[in-house]
Amino acid sequence: MRNNIPKTLEKRIKSQKDGISLFEYINYCLYDEKDGYYSNLFKVSKDFVTSPELSQLFGECVTIFFLYAKNIFENKKKSKIQSVVEFGPGNGTLMSDVIRTLDKKYCLNEWSFFLIEISKLLKRKQKDVLFKYKKKTNIFWKKNLNKSFNNCCFYLCNEFFDAFPFNQFSSKGMKRIIIKQNKLIPVFVPTSNCHKPINSNEIIESSLFMKKFVFKIFKKIKKNGGIFLLIDYGPLIKKNTDTIQAIHNNLKCNFLDHPGRSDITHHIDFVLLKKIAKRFGLRVYGPVNQSKFLSIFGINERTENLINKSNNLKQKEKIENDFLRLTSYNQMGELYKCIIFSDVDLSLPF
């Protein structure tokens with residue numbers, strides 16, 4: 012690596028007249044098997060903590076929602092949800108909490124559990140976390156949504172789509188990454204790829220990869236039936252502005268400063284997701300902020316129970332602090348949004 016630019020990335024950029032697209036840059040920086048951010052578990056665990064990693068309360072509330080929605084779905088659809096499918100399961104903590112919570116009152120053989128994961132390192136980590144449940148239920152790993160998902164499924168993901176590679180467009184063209192004086196530089200190059208007028212002060216962010224992925228999920232729900240809980244970050248209505256963010260060593264940084272060593276994300280366009288779902292004739296609930304979703308599905312009561320059961324003062328304080336971090340409006344409670352899609356009226360209170 013020279014000047015913080017991996018040699019493979021440098022060669023790829025210099026091989027093209029106008030450098031590479033932002034999509035190509037992010038895809039390399041996050042997912043390259045050798046240099047990508049997600050090829051090193053130490054980097055990932057050091058830079059941020061997701062809601063499931065923060066507290067078991069999150070996964071337990073997700074499970075309560077699943078059981079609530081499942082009962083309504085099965086009564087109206089007259090079909091049973093047979094599979095729980097998680098996209099981008101990280102360390103496997105959320106799926107572990109879901110299975111653990113279900114295991115308290117239900118026979119786990121009622122469902123099969125699928126983790127959609129492309130990272131070999133994360134897959135190994137997930138297998139370690141979920142090993143204790145292998146004798147109780149069926150747990151499978153897949154790289155993508157394939158033909159095996161031909162039944163009613165409960166799909167879920169947390170902080171998944173925000174890490175999808177994307178492009179940016181302005182009135183000047185498409186953003187591309189070039190190398191100038193041994194530094195990575197963003198430039199806008201005229202293009203015919205953007206088919207809508209853009210004002211001079213606007214930035215349009217677009218991920219064709221994300222749209223195709225969502226289309227596959229909605230198509231399966233439309234055909235086979237199902238529920239999809241998506242939790243990610245961004246405003247209720249996304250503005251046409253630059254939302255790219257990078258984290259390196261737990262600090263915000265320029266997304267070009269540490270290629271392959273920083274996490275790169277952007278805001279989710281919930282309005283776009285709703286529009287796509289409507290094309291498939293699906294019901295849409297939300298988005299609502301994470302605080303409201305967790306409150307509806309029992310986080311206040313569950314927190315109180317955990318605090319009352321504990322005899323350890325430090326543990327009590329941790330439970331309360333985790334609760335506040337998950338639900339406070341100046342922390343995860345407002346930043347993260349929850350949106351639900353289904354082919355059935357789930358009678359949700361939002």
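Note that this note's numbering gives residue 347 to position 336 of the sequence shown, counting from 1, and the numbers run on in steps of one. The beta carbon of each residue, even a glycine, is placed where N, CA and C say it ideally should be. What you are looking at is a predicted structure, and each value in this text was computed from that prediction instead of being measured.
Indicate the three-state DSSP secondary structure (helix, strand or coil) for residue i in the structure shown.
i	result
G70	helix
V96	strand
K28	coil
S217	strand
D274	strand
Y42	helix
F266	coil
K153	strand
F352	strand
I232	helix
Q192	coil
I129	coil
I255	coil
I16	strand
D139	helix
F175	coil
S159	coil
S50	helix
F76	helix
P360	coil
K249	coil
K146	coil
R23	helix
For residue i, count neighbouring Cβ atoms within 10 angstroms of its own Cβ and tell me buried if that reaches 16, exposed if not.
i	result
P201	exposed
Q137	buried
K186	buried
L262	exposed
D356	exposed
C164	buried
V96	buried
T254	buried
Y36	buried
F151	exposed
Go through its chain and collect everything with a Cβ distance to residue i's Cβ below 6 Å, but skip five positions before and after it.
i	result
I129	K154
C205	F180
L240	L167, I351
G103	Q137, V140, L141
I310	L68, C72
S302	T338, G344
K146	none
F334	T314
K88	G236, V355
F308	C72, I75, F76
Tell me, which residues are paired with residue i by DSSP?
i	result
N169	I242
V198	R187
S181	G184
G237	C164
C205	None; C205 has no bridge partner.
I37	Bridge partners of I37: none, in fact.
Ignore the nearest five residues each way along the sequence and tell me which others in residue i's own chain have a CB closer than 8 Å to its CB.
i	result
G47	Y39, C40, L41, G271
L293	F229, I232, K233, F352, S353, D354
F175	S218, F220, M221, F224
Y244	E170, D173, T276, H278, I279, L346, Y347, K348
F160	S94, V96, F125, K231, N235
Beta-carbon within less than 7 Å of residue i's beta-carbon, same chain only, minus the 5 sequence neighbours each way: which residues are those?
i	result
E71	D108, T112, R313
K25	I190
I want to check one thing, is the minimum distance from the CB of residue i to the heavy atoms of the ligand GDP below 7 Å?
i	result
K325	In terms of ligand content, the structure shown is empty, and the ligand GDP therefore cannot be addressed.
- Run through the stretch 80-127 for me and flag every whole alpha helix (DSSP H) of 4 or more residues, listed as ranges in chain order. 104-114
- Would you mind listing the alpha helix (DSSP H) stretches within the stretch 291-347 that are 4+ residues and don't spill past its ends, in chain order? Taking only runs of at least 4 residues, the alpha helix (DSSP H) segments lying wholly in the stretch 291-347 are 301-307, 310-320, 324-338, 343-346.
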